[in-house]
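Contents: one structure, followed by commentary.
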Amino acid sequence: MTIRNGFSDMADGYDALATAEAAAGERLLDLVAIGPRDFVLDVGCGTGAMTFAARRRCQGKIVGIDISSGMIRRARWHPQQPDVSFVLGDAAAMQYERNFNVVILNSSLHWMADPVMVLERCFNALRRGGWMGVQVPATGAWCPLAQAVMKAARQEAALAPIMDRFRDPMTIMPDLDALEQTLDRAVIDVYGGSIETDTLDLSVGQALGVVDVQVGAALFNPVCYDKGLSEDDHARLRALATEVVADAADAAGRVRVTITRAFMHGSKQWNERRLTPAG
Ligand SMILES: C[S@@+](CC[C@H](N)C(=O)[O-])C[C@H]1O[C@@H](n2cnc3c(N)ncnc32)[C@H](O)[C@@H]1O
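Heads up, the sequence shown stops at 304 in our numbering, and the numbers go up one at a time, no gaps.
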């Protein structure tokens, strides 16, 4: 299953909706401590917000890769910057060999069908001693508002049979240990990790935008349903999401949204171990 069209559909509006992802990405960049001449690979780069943020921190070559043509088109739409390029492709099929000092995955690994393969490709892309930083939603309460929308869809009589056909493409890490084990399988030596919760005070429209960024590319995406999703069912799901978010608003029309994330960084050690052969 590929969720690339789901992200292409939201590419034009993504940056305005994903300010919390951008803030988390800046924290991730702090963790990997990019040096002035580092080469950086941004995996699942989306519209390139973090790719350009990395550019502001170093002068080396920077590459963003993403599977969604809409996201890559949007990233390339930004004014050109020296030594920044964007590649359309599946991170699980990357063929980089020791080209980068830093690899970042900001809010992207959990969308990838084969996270371990992606991390192994990231490992291959890193020079020895290079740094990898990952930020993903985590824990059983990673975004209660988005989770409430999913739950309401499963519980509503008209939508329950449709949700039975829903195949969620996201892998949410239950805790730091699970993320560490995933990095460990890709031979990344973990140096540190933390769980952090962002609390946002938003209008109903903004909160709906957060729901879209967190689950929209899955919940509203026909490819995530066995036998697809009709336009009517799509509209019903959208209406239900609006209802759930509006219900969550206080008397002043504000919605309190929390997003809990795992941050983890590690490095490629000098004693390289054997990896799964590239498929
Ligand atoms: C939530 S967005 C995050 C974008 C960006 N990193 C940010 O911080 O705003 C997740 C991105 O991962 C991309 N993605 C999902 N699976 C991918 C894969 N297998 N290879 C490359 N990109 C992928 C999606 O197309 C999407 O642009």
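The beta-carbon is built from N, C-alpha and C at its ideal position, and this holds for glycine as well.
Run of the alpha helix (DSSP H) containing residue i, from where it starts to where it stops
i, result
"residue 286", "Looking at the DSSP string, residue 286 is not in any alpha helix (DSSP H); the run it does join, the beta strand (DSSP E), is 279–293."
"residue 30", "29–42"
"residue 206", "201–210"
"residue 157", "Per DSSP, residue 157 belongs to no alpha helix (DSSP H); it is in the beta strand (DSSP E), 151–162."
"residue 89", "Looking at the DSSP string, residue 89 is not in any alpha helix (DSSP H); the run it does join, the beta strand (DSSP E), is 87–91."
"residue 174", "169–180"
"residue 184", "From DSSP, residue 184 is part of no alpha helix (DSSP H); its letter is neither H nor E."
"residue 77", "74–80"
"residue 190", "Premise fails: residue 190 is in no alpha helix (DSSP H) and is neither H nor E."
"residue 99", "94–102"
Distance CB(residue i)-CB(residue j) smaller than 7 Å
i, j, result
"residue 292", "residue 209", "no"
"residue 195", "residue 204", "no"
"residue 147", "residue 137", "no"
"residue 92", "residue 67", "no"
"residue 180", "residue 49", "no"
"residue 284", "residue 168", "yes"
"residue 189", "residue 243", "no"
"residue 241", "residue 247", "no"
"residue 287", "residue 163", "yes"
"residue 109", "residue 153", "no"
"residue 57", "residue 290", "yes"
"residue 45", "residue 223", "yes"
"residue 269", "residue 174", "yes"
"residue 217", "residue 201", "no"
"residue 170", "residue 178", "no"
"residue 100", "residue 144", "no"
"residue 226", "residue 279", "yes"
Terminal residues of the beta strand (DSSP E) in which residue i lies
i, result
"residue 224", "213–228"
"residue 130", "125–131"
"residue 265", "Looking at the DSSP string, residue 265 is not in any beta strand (DSSP E); the run it does join, the alpha helix (DSSP H), is 256–272."
"residue 111", "109–113"
"residue 66", "65–68"
Buried versus exposed call for residue i [16 or more other C-beta atoms within 10 Å across all chains shown]
i, result
"residue 95", "buried"
"residue 272", "exposed"
"residue 42", "buried"
"residue 89", "buried"
"residue 239", "buried"
"residue 82", "buried"
"residue 71", "buried"
"residue 123", "exposed"
"residue 299", "Unreliable positioning characterises residue 299 in this predicted model, as indicated by a pLDDT of 45, which lies under 50. A coordinate reading is not provided."
"residue 134", "buried"
"residue 302", "Since pLDDT at residue 302 reaches only 47, below the 50 mark, its modelled position is unreliable, and no value is offered."
"residue 140", "buried"
"residue 264", "exposed"
"residue 60", "exposed"
"residue 35", "buried"
"residue 266", "buried"
"residue 276", "exposed"
"residue 304", "Interpretation of residue 304 is limited by its pLDDT of 39, a score under 50 that renders its predicted location unreliable; no figure is taken from the coordinates."
"residue 255", "exposed"
Closer than 7 Å to chain B by CB, residue i
i, result
"residue 133", "Of the protein chains in the structure, only one exists, and it is not chain B."
(message) Could you check whether the segment 100–111 touches the segment 126–142, counting it as contact only if at least three pairs of C-beta atoms, one from each stretch, sit closer than 8 Å?
(response) The count of Cβ pairs closer than 8 Å, one atom from the segment 100–111 and one from the segment 126–142, stays below three, leaving the stretches out of contact.
(request) Please confirm if the segment 116–123 is in contact with the segment 71–87, defined as three or more CB-CB distances below 8 Å between the two stretches. (result) no
(request) Specify whether the segment 57–66 and the segment 222–240 touch according to this definition: at least 3 beta carbon pairs, one from each stretch, less than 8 Å apart. (result) By the Cβ criterion, the segment 57–66 is not in contact with the segment 222–240, since fewer than three pairs of Cβ atoms, one from each stretch, lie closer than 8 Å.
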